[in-house]
Structure formats: C-alpha cells, structure tokens
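When we follow the working numbering, the leftmost residue of the sequence shown carries the number 1237, and every step to the right adds one. A short worksheet on the structure shown next.
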Amino acid sequence: MSVEGLSVLVTGAGTGIGRSIALCAAREGAFVTAVGRRAEPLREVADKSPGTIEAVPADVTADGAPERIVAAALERFGRLDAVVNNAGLARFGRLADTGLDELDAMLAVNVRAPAALIRAALPHLEPAHGSVVNVSSVAGTLAMPGRAYYGAGKAALNSLTRSLARELAPAVRVNAVLPGPVDTPLWHGAGMTEDEQESLRAGLLADTPMGRFGEGDEIAGWVCRLIDPEQSGWVTGALIPVDGGRTA
Ligand SMILES: NC(=O)c1ccc[n+]([C@@H]2O[C@H](COP(=O)([O-])OP(=O)(O)OC[C@H]3O[C@@H](n4cnc5c(N)ncnc54)[C@H](OP(=O)(O)O)[C@@H]3O)[C@@H](O)[C@H]2O)c1
1237 MSVEGLSVLV TGAGTGIGRS IALCAAREGA FVTAVGRRAE PLREVADKSP GTIEAVPADV
1297 TADGAPERIV AAALERFGRL DAVVNNAGLA RFGRLADTGL DELDAMLAVN VRAPAALIRA
1357 ALPHLEPAHG SVVNVSSVAG TLAMPGRAYY GAGKAALNSL TRSLARELAP AVRVNAVLPG
1417 PVDTPLWHGA GMTEDEQESL RAGLLADTPM GRFGEGDEIA GWVCRLIDPE QSGWVTGALI
1477 PVDGGRTA
C-alpha cells in the first residue's frame, strides 16, 4: 500500500464503515481528517492514532460546511489528496408510509453533500492528482421495494461517480464502492421496528451467497486500495461491489 503521507478526508468517520476507513488509512500511513456530527465518536477514533487523525465535527449538509471541512484538512495537514464520501443516511419504509421529507433528508446527505464536498475539494485535489471514493450501496443497482428512496439516492451517487470520473480525468480519479449488508449502527437508525429489522436481515442473509454480513474492514480495504495511486492509478469511474455476491 502506498497511501503513506497522503492527506485523506473521510466523512462519517466516527462509526461503522467510515471508522474502519479512517483507521485503515491511518494504519497505512495517511493523515486523516475525520468528519461527523458527533464529536465523541470522532475523538475516540482520533485517539487510536494520535497525531495522524484530526477530528472535525461538522454536519456535511450545513451551509458552508464543505468549505470549512476542506479548510480544516488543509490547515492541519497542508494538502488534500483524497475525499471519501462515506457519511450516509438510511431511512427505510414503503412509499405510502414514508413522507417526501425523508427523501429530501437522504438526498441531502447521500447525494448533495458528496457533490458539494467534491466541489470544495477540487482546487486542491487537482494539483495533487488525487481521488474521490464514494461509499454507495448495492441499493443503487438493485430494485429496493421498501427502500426506494434510499436506493434512488445511491443510484444518483453512482451516476455522479461515473460522470465525474470522465469530467475530472485525468487529474482526479472518482470511484465508488458498493457494499452489501454490513453490521453497523445504520440498521438501528433506519426507522424500523425490531421485528422489521429481523425479517429484513434474514432476507438479506438468504440473498447473500457468502452467507454472512460483511465487516467494515472488508469495505475499508477496498477504499484504501482505490485511494492508492500505485495500485489504482488507472482505475476511475469504477463501481465496485463488495457484497458477498449479493449482486452476482
Ligand atoms: N451498513 C450497511 O449495510 C451498508 C450497506 C451499503 C452501504 N452502506 C453505506 O455505508 C456508509 C456508512 O454507513 P454505516 O453502515 O457505516 O452506518 P453508520 O455507522 O450509521 O455511519 C454513518 C455515518 O455518517 C455520519 N453522518 C450521518 N449524517 C451526517 C451528516 N449530516 N453530517 C456528517 N456526518 C453524518 C454519522 O455520524 P454522525 O451521526 O455523528 O453525524 C455516521 O458516522 C453510508 O453511506 C451507507 O449508506 C452501508
């Protein structure tokens, strides 16, 4: 791995997949700007790698937040080589039961904020020949009854990834990983009852050929590989499923 010395910004870095990405990048020698709304989980992650992970509490959907987040990374590490748009919001429910405010909230975090952060970071990513990795989902490619809004947002993120890969080449690479089900706090905040969660999880397991949920580290490894210019310097516009075979 040669992410060593790179400055990597990770959103949603306090928990779940983002936490694994921040720790993976730091372990491999990168400097990490860890973003999320809650300060405490970010501080816990930063404490695991003192001096290399900077906690920057921020809501990625807030006005001016992308510019402030990029400025914080530059101030702390002096450069910016990669942006990982991992922060995500999942609210599940059938169309008839789910107001359009839920759609707006998900699009704000899962689509608008990544676009805004890439825009804010671009003047710094270009001279660095840097890259973007968007943490999307298999929900962006599969039909998602009961999760249509979430799937629509992730499909939009996939489209953004592919279009920007062409638009920003050759200066900046843009890729996405598409995780299948991973055990993270996301499931508990998705607006389902315990019973609904259990039956959804059972269905997902039955539909995942590898027969288990994934681990955050199994997603993070691919994100770090995509950031690494030595391993992935010729990879852009890729939507990489890391899903236990769910979309096979
Ligand atoms: N778990 C899965 O099965 C799965 C499958 C496919 C894709 N994904 C994707 O993986 C990504 C990470 O999710 P996860 O599973 O690791 O769940 P998670 O632990 O709930 O992570 C989501 C993170 O995003 C942060 N976040 C949410 N809204 C934010 C905002 N407005 N501003 C800043 N940070 C915000 C949260 O921190 P704060 O609350 O502190 O802000 C949290 O750390 C998401 O994009 C998700 O869609 C997950």
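Glycine residues also receive a C-beta, built at the ideal position from the N, C-alpha and C atoms.
- The Cβ atoms of L1404 and A1357 lie no closer than 7 Å to each other.
- Between the alpha carbons of Y1386 and E1311 lies a gap of roughly 34 Å.
- DSSP, read as helix, strand or coil, puts S1238 in coil.
- Using a Cβ distance threshold of 7 Å, A1308 and A1301 do not count as a contacting pair.
- A straight line joining the alpha-carbon of A1332 with that of T1429 spans about 17 Å.
- Closest option to P1277, judged by alpha-carbon separation, among D1299, R1482, T1247: T1247.
- Apart from sequence neighbours up to five positions away, the residues of its chain that approach L1440 with a beta-carbon distance below 7 Å are P1417, ordered along the chain.
- Residue state for P1477 is assigned as strand, using DSSP reduced to three classes.
- For F1267, the beta-bridge partners assigned by DSSP are S1243.
- Within its own chain, the residues whose Cβ lies closer than 8 Å to the Cβ of P1445, once the five positions on either side in sequence are excluded, are G1480, G1481, R1482, A1484, listed in chain order.
- L1353 and G1376 do not touch by the CB rule: their CB atoms are close to 18 Å apart, not below 8 Å.
- In this model, I1463 and V1281 are separated by some 20 Å (Cα to Cα).
- By the criterion of a C-beta distance shorter than 6 Å, D1453 is surrounded in its chain by S1256, once the five residues flanking it on both sides are discounted.
- Nearest to A1318 by C-alpha distance, out of P1286, E1338, F1449, A1412, is A1412.
- For P1415, there is no enclosing alpha helix (DSSP H); the residue is part of the beta strand (DSSP E) that begins and ends at 1409 to 1415.
- Distance from the C-beta of V1418 to the nearest heavy atom of ligand 1 is below 6 Å.
- Following the DSSP letters along the chain, one finds S1435 inside the alpha helix (DSSP H) bounded by residues 1430 to 1442.
- Comparing alpha carbon positions, the residue from A1326, G1314, R1274 closest to K1390 is A1326.
- In the structure shown, the three-state DSSP call for P1359 is helix.
- Only residues of its own chain outside the window of five on either side were considered, and among them V1413, P1415, I1455, W1458 have a CB closer than 6 Å to the CB of V1478, listed in chain order.
- Of all alpha-carbon atoms in G1287, E1434, E1338, I1253, the one lying nearest the alpha-carbon of A1388 is that of E1338.
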